[in-house]
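**Student:** So the protein sequences, as listed, match chains F and E.
Here the first sequence stands for residues 0 to 305, numbered as in numbering that gives the first Met the number 0.
Here the second sequence stands for residues 0 to 436, numbered as in numbering that gives the first Met the number 0.
In this text, a Cβ means the ideal position worked out from N, Cα and C, and glycines have one as well.
None of the values given here were measured: they were computed from a predicted structure.
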Amino acid sequence: MNIIEVRNVTKRFGAQVALDNLSLSIAPGRIFGLLGPNGAGKTTLIRLLTCINVPDEGDIWFQGHPLVADDVARIGYLPEERGLYKRMTVSEVAVYLAQLRGMSKKEAVSSLKQWFEKLGIEAWWNRRVEELSKGMQQKVQFVVTVVHRPDFLIFDEPFSGFDPINAEQLKQEILELKQQGATVILSTHNMASVEEICDDIALINRGRVMLEGEVREVRRRFRQNRYTVTFEGEAAALTLPEWMQILSQNTDSQTTTLELQLSDTHVSNDVLQFFVPRVAVTSFGEILPSMNDVFIHTVQSQNESK
Amino acid sequence: MSKVSVIISREFLTRIKKKSFIITTLLLPVLMVVMMVLPIYIAHHSEKVCTVFVLDENDYFLNQFHNTSKVKFEFPSGELEDMQQRCINGECDAVLHILKGNQSNRANLFFSEDPPLSLKSDIGEQMDEILFDRALQKEFNLDIKKYKSIKDLSHSDIQTLQIDENGQAKEKMVEMNRIVGMVCGMLIYFFVFMYANQVMRSVIEEKSNRIIEVIVSSVKPFQFMMGKIVGVALAGLTQFVAQIILVVALLFSVQLIVPELVAGDEATTEVVSQTGTAFDGAMVASDADVFGDISAFYSFPFSTLLLCFLFYFIIGYLMYASLYAGVGSATDNETDSSQLVLPISLPLVIAIIVIFMGLSPQSEVVRWLSFIPFTSPIAMLYRIPSGVPLWELLLSCGILVVTFLGCVWFAAKVYRIGLLTYGKKVTWKELFRWLRM
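#1: Residue 76(E) to residue 121(E), Cα distance in whole Å?
#2: Do you know offhand how far residue 222(E)'s Cα is from residue 400(E)'s?
#3: In the DSSP assignment, find the unbroken beta strand (DSSP E) run with residue 32(F) in it and report its ends.
#4: Is the CB of residue 18(E) under 8 angstroms away from at least one CB in chain F?
#5: Could you tell me the distance, in whole angstroms, from the CA atom of residue 328(E) to the CA atom of residue 321(E)?
#6: Counting only C-beta atoms, is residue 51(F) closer than 8 angstroms to chain E at any point?
#7: Please name the residue or residues paired with residue 308(F) in a DSSP beta bridge.
#8: From what residue to what residue does the alpha helix (DSSP H) around residue 339(E) run?
#9: With 8 angstroms as the threshold, decide whether the Cβ of residue 319(F) is near any Cβ in chain E.
#10: Does residue 213(E) have its Cβ less than 8 angstroms from a Cβ in chain F?
#11: Please state the DSSP three-state secondary structure of residue 253(F).
#12: Counting only Cβ-Cβ distances shorter than 9 angstroms, please list the residues of the region 78-108 of chain F near chain E, keeping chain order.
#13: Compute the Euclidean distance between the alpha carbons of residue 212(E) and residue 144(F), then round it to the nearest angstrom.
#14: Please return the same chain residues whose Cβ sits closer than 8 angstroms to the Cβ of residue 99(E), not counting the five positions on each side in sequence.
#15: According to DSSP, is residue 158(E) part of a helix, a strand, or is it coil?
#16: Quick one: grab the DSSP three-state call for residue 106(E).
#17: Against residue 119(F), what residues of chain E qualify as contacts under a CB-to-CB distance less than 7 angstroms, listed in chain order?
#18: For a test of the three-state rule: what should DSSP assign to residue 414(E), helix, strand or coil?
#19: Quick check: the Cα distance between residue 109(E) and residue 71(E), rounded to an integer number of angstroms?
#20: Report the neighbours of residue 210(E) on chain F: residues whose CB is nearer than 7 angstroms to its CB, in chain order.
#21: For residue 268(E), which three-state DSSP category applies?
#22: Checking 8 angstroms against the spacing of the C-beta atoms, do residue 156(F) and residue 79(F) come in under that value?
#23: Going by DSSP, name the residue or residues bridged to residue 49(E).
#24: At the 8 angstroms Cβ level, is residue 17(F) part of the contact set with chain E, yes or no?
#25: Which value, in whole angstroms, describes the spacing of the CA atoms of residue 290(E) and residue 176(E)?
#26: Keeping to the same chain, check which residues put their C-beta closer than 7 angstroms to that of residue 412(E); ignore five residues upstream and five downstream.
#27: DSSP has residue 283(F) in a bridge; who is on the other side?
#28: Strictly by DSSP, which residues pair up with residue 11(F)?
#29: Helix, strand or coil: which one does DSSP assign to residue 371(E)?
#30: What would DSSP say about residue 124(F), mapped onto helix, strand or coil?
#31: Report the neighbours of residue 14(E) on chain F: residues whose CB is nearer than 7 angstroms to its CB, in chain order.
#32: Which same chain residues, not among the five before or five after residue 105(E), have their C-beta less than 8 angstroms away from its C-beta?
#33: Please name the residues in the region 45-76 of chain F whose beta-carbon is closer than 7 angstroms to at least one beta-carbon of chain E, in chain order.
#34: Go through the region 158-214 of chain F residue by residue and report every complete run of the beta strand (DSSP E) that reaches 3 residues or more, in order.
#35: For residue 387(E), which residues does DSSP report across the bridge?
#36: Where does residue 21(E) fall in DSSP's three states?
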């Protein structure tokens with residue numbers, strides 16, 4: 000059973016169609032990357048999932064039943080535009096937000112204290128929010144998002160504003176939450192992090208799903224018959240056949256690495272059959288397009304077709 | 000605790016814990032009491048008897064001045080310079096030099112230390128009276144003593160009575176009715192303005208510091224809006240009640256320490272009217288006459304007034320606060336909000352102006368304003384003490400309730416969309432478009 004199923008959802012704001020008959024599903028226990036250019040409808044979709052807005056048409060199912068407002072207690076949402084009450088202390092704000100998510104005050108305090116200790120921020124407990132740096136506030140916001148142990152988490156651009164160390168820490172926390180059984184939606188423009196931690200993705204543009212599937216499978220779908228070969232010696236000694244073009248070449252004192260573009264008529268074995276008799280190959284592999292390439296290619300080709 | 004009560008308690012607690020809240024709660028009553036007591040205190044303490052040396056170049060006023068509780072007149076012989084020197088030496092407080100002339104109505108008042116403000120007018124009044132008496136005597140050959148006793152006896156006493164349908168006449172205090180109505184209207188006006196504005200500011204703050212999306216992903220915007228409105232109102236009422244208690248307590252303790260300052264004796268009334276702190280005739284009358292007449296006081300529609308006050312106060316505040324919240328949600332900052340707020344706040348301002356113009360509670364304008372829901376909380380309360388037909392009262396309440404529900408619906412719609420709309424300068428036209436979303 001999918002944790003989320005979006006079925007033919009349309010959402011309009013006046014004349015503008017933000018989501019256009021959109022359907023997608025998210026399997027439990029996975030990290031789902033929600034990708035798309037600015038204004039694609041990601042935030043609108045998230046706001047429907049968190050019951051901030053309601054769809055004009057279509058419906059959303061959550062854990063096997065139509066999504067209702069009470070389900071929001073099972074959802075943790077870290078919006079892209081996030082803030083805290085500046086004049087309250089960190090603990091006051093955190094307890095307040097945890098209570099709004101349905102925890103009792105006692106539960107909230109003990110659970111928050113555990114999280115603060117885990118992230119090494121317990122010294123901030125009684126500080127005022129305005130004394131904290133942006134990155135520090137982001138950490139508090141992360142804690143507030145996960146404190147009520149939701150089954151389903153939505154992070155909208157979670158890494159923005161973090162330094163590399165804190166971003167890494169956050170990434171590990173997200174992976175840990177997944178291991179504990181949570182399902183995560185990660186909406187981000189940071190494609191490297193998508194490749195690193197997402198299991199599945201959906202790319203939406205102009206309110207429609209353009210691309211959907213497992214990350215590796217999606218990348219493979221966009222494979223361009225490109226390979227990388229590393230061998231001992233220099234490339235100058237070789238005469239390459241016509242069906243093999245060098246995209247880039249990298250030589251150090253002992254080895255050479257070539258990135259090759261094959262023509263459609265040839266496959267990986269043809270490359271090996273060419274190199275193995277001539278040089279000592281030390282490594283060989285296919286170059287899959289990065290999510291970044293997939294993203295740009297998909298969005299541009301759609302925009303051109305319109 | 001339900002979510003709404005969590006919201007109410009946060010809104011309430013963060014407000015009453017604010018320094019500015021505590022300061023205004025304490026400072027305002029102190030200021031009020033000081034403003035009430037200080038003029039009286041000053042008057043009491045400047046009430047030493049002033050000695051005035053009179054030098055009359057015509058001997059016209061010689062021994063004509065009579066001494067009062069404040070001024071003592073002496074008529075020593077000698078030159079002006081002589082007397083001025085004695086004034087400097089502190090033998091007298093002022094020297095009145097009446098100049099030579101036919102009418103003898105010009106004079107100089109010399110002093111070395113500032114005399115009480117009322118000294119000049121006290122002397123002037125006596126001079127006027129003396130001159131007038133002289134003129135009467137000269138022109139009409141009157142017996143001044145007899146004339147004065149006649150004048151004192153000729154004094155009218157008008158009572159205001161209202162006749163009901165049965166032809167029964169009841170004593171009514173017109174001034175009292177108006178004042179009570181005005182005070183009730185003003186209370187509502189200030190409360191709505193101060194606290195509805197606070198609601199709006201807080202909505203804008205939540206929007207601009209971007210906490211709002213975190214919140215509305217856990218509670219319904221409508222719940223959040225109502226929680227906020229109620230929380231702010233509770234904080235406001237707390238402040239209100241605390242201030243009233245403080246004022247009473249302060250006045251009480253002042254009375255204990257210096258009894259003559261607070262007691263409503265004649266000196267006080269006199270001083271109040273003299274120092275010009277009284278607003279108008281009606282207000283001065285309030286001290287002397289209005290509270291005096293107990294029987295009129297008892298015929299006053301207290302329970303109706305109290306019930307209606309609570310009703311109009313609560314519904315009026317809720318209506319305005321939700322409108323302010325809706326408008327606040329549509330803007331990103333306070334400067335942009337002012338043009339959206341203006342059309343909402345205008346009716347309140349108009350109502351309060353109409354009341355302060357002194358229009359009769361029975362006039363057509365006030366009657367119409369008491370039906371229009373945006374002005375009725377003020378206008379109807381102004382009317383109630385003077386008596387309002389039941390059907391008119393019920394109609395006004397009904398219209399208010401219907402409008403209130405409409406406003407809450409409107410505000411909730413706008414709030415829901417406005418909260419997450421950034422960077423747009425929203426107009427009223429745009430707000431109405433949101434209603435269809």
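**Tutor:** In short:
#1: In the second sequence, counting from the first residue as 1, residue 76(E) sits at position 77. In the second sequence, counting from the first residue as 1, residue 121(E) sits at position 122. If you take the alpha carbons of residue 76(E) and residue 121(E), they lie about 23 angstroms apart.
#2: For this step, residue 222(E) is matched to residue 223 along the second sequence. For this step, residue 400(E) is matched to residue 401 along the second sequence. Going from the Cα of residue 222(E) to the Cα of residue 400(E) covers about 20 angstroms.
#3: By one-based count along the first sequence, residue 32(F) stands at place 33. Residues 30-34.
#4: As a working mapping, residue 18(E) is identified with position 19 in the second sequence. So, not an interface residue.
#5: Within the second sequence, residue 328(E) is the residue found at index 329, counting from 1. Within the second sequence, residue 321(E) is the residue found at index 322, counting from 1. About 10 angstroms.
#6: Counting from 1 along the first sequence, the entry for residue 51(F) is found at position 52. Among the residues facing chain E, residue 51(F) is included, as its CB has a counterpart in that chain under 8 angstroms away.
#7: This structure cannot settle anything about residue 308(F), because the visible part of chain F is limited to 0 through 305.
#8: The residue labelled residue 339(E) in the question sits at position 340 within the second sequence. Its alpha helix (DSSP H) spans residues 333-355.
#9: There is simply no residue 319(F) to check, as chain F begins at 0 and stops at 305 in what is shown.
#10: Counted from its first residue, the second sequence places residue 213(E) at position 214. With its beta carbon less than 8 angstroms from one in chain F, residue 213(E) belongs to the interface.
#11: For the purposes of this step, residue 253(F) is taken as residue 254 along the first sequence, with counting starting at 1. DSSP places residue 253(F) outside both helix and strand once states are collapsed to three, so it counts as coil.
#12: Using a CB distance below 9 angstroms, the part of the region 78-108 of chain F facing chain E consists of 78, 79, 80, 81, 82, 83, 84, 85, 86, 87, 91, 92, 95, 96, 98, 99, 100, 101, 103, 104, ordered along the chain.
#13: To locate residue 212(E), count along the second sequence from 1; it is residue 213. To locate residue 144(F), count along the first sequence from 1; it is residue 145. Residue 212(E) and residue 144(F) have their C-alpha atoms roughly 12 angstroms apart.
#14: Position 100 of the second sequence, counted from the first residue, corresponds to residue 99(E). 56, 57.
#15: Position 159 of the second sequence, counting from 1, holds the residue named residue 158(E). DSSP, reduced to helix, strand and coil, places residue 158(E) outside both helices and strands of the structure shown, so it counts as coil.
#16: As a working note, residue 106(E) is residue 107 in the second sequence. Look at residue 106(E) here: in three-state DSSP terms it is strand.
#17: Here residue 119(F) refers to the residue found at position 120 of the first sequence. Ordered by position in chain E, no residue passes the 7 angstroms Cβ test against residue 119(F), which lies about 23 angstroms from the chain.
#18: The count along the second sequence starts at 1 and reaches residue 414(E) at position 415. Judged by DSSP in its simplified three-state form, residue 414(E) adopts helix.
#19: Locating residue 109(E) in the second sequence gives position 110, where the first residue counts as 1. Locating residue 71(E) in the second sequence gives position 72, where the first residue counts as 1. One Cα belongs to residue 109(E), the other to residue 71(E), and the distance between them is close to 15 angstroms.
#20: Within the second sequence, the letter at position 211 stands for residue 210(E). Within chain F, the residues placing a beta-carbon under 7 angstroms from that of residue 210(E) are 82, 83, 84, ordered along the chain.
#21: Here residue 268(E) is taken as the residue at index 269 of the second sequence, counted from 1. Per-residue confidence for residue 268(E) stands at a pLDDT of 43, beneath the threshold of 50, marking its modelled position as unreliable; no derived number is given.
#22: Within the first sequence, the letter at position 157 stands for residue 156(F). Within the first sequence, the letter at position 80 stands for residue 79(F). Here residue 156(F) is near residue 79(F), since their CB atoms are less than 8 angstroms apart.
#23: Sequence index remark: in the second sequence, residue 49(E) carries index 50 (1-based). Within the DSSP secondary-structure output, residue 49(E) pairs in a beta bridge with 70(E).
#24: Taking the first sequence and counting its residues from 1, the one referred to as residue 17(F) is at position 18. Any Cβ of chain E closer than 8 angstroms to the Cβ of residue 17(F) would place that residue at the interface, and such an atom is absent.
#25: Counting from 1 along the second sequence, the entry for residue 290(E) is found at position 291. Counting from 1 along the second sequence, the entry for residue 176(E) is found at position 177. At residue 290(E) the pLDDT is 46, less than 50, meaning the model places this residue with poor confidence; the figure from the coordinates comes in the next sentence. Computed Cα separation, rounded: 12 angstroms.
#26: For the purposes of this step, residue 412(E) is taken as the residue at position 413 of the second sequence. Excluding residues within five positions, the ones whose Cβ falls inside 7 angstroms are 433, 434.
#27: Within the first sequence, the letter at position 284 stands for residue 283(F). Here residue 283(F) is bridged, per DSSP, to 228(F).
#28: Within the first sequence, residue 11(F) is the residue found at index 12, counting from 1. Residue 11(F) is bridged to 16(F).
#29: The sequence position of residue 371(E) within the second sequence is 372, counting from 1. Coil, per DSSP.
#30: Mapped onto the first sequence, residue 124(F) falls at position 125. Coil.
#31: The sequence position of residue 14(E) within the second sequence is 15, counting from 1. For residue 14(E), none of the residues of chain F pass the 7 angstroms Cβ criterion, the least Cβ distance being about 11 angstroms.
#32: Mapped onto the second sequence, residue 105(E) falls at position 106. For residue 105(E), where only same-chain residues beyond five positions count, the Cβ hits under 8 angstroms are 97, 98.
#33: Within the region 45-76 of chain F, the residues whose Cβ lies closer than 7 angstroms to some Cβ of chain E are 49, 51, 68, 71, 76, listed in chain order.
#34: Taking only runs of at least 3 residues, the beta strand (DSSP E) segments lying wholly in the region 158-214 of chain F are 182-186, 199-204, 207-213.
#35: To locate residue 387(E), count along the second sequence from 1; it is residue 388. According to DSSP, which records beta bridges pairwise, residue 387(E) is partnered with nothing at all.
#36: Mapped onto the second sequence, residue 21(E) falls at position 22. In the three-state DSSP reduction, residue 21(E) falls in the helix class (H, G or I).
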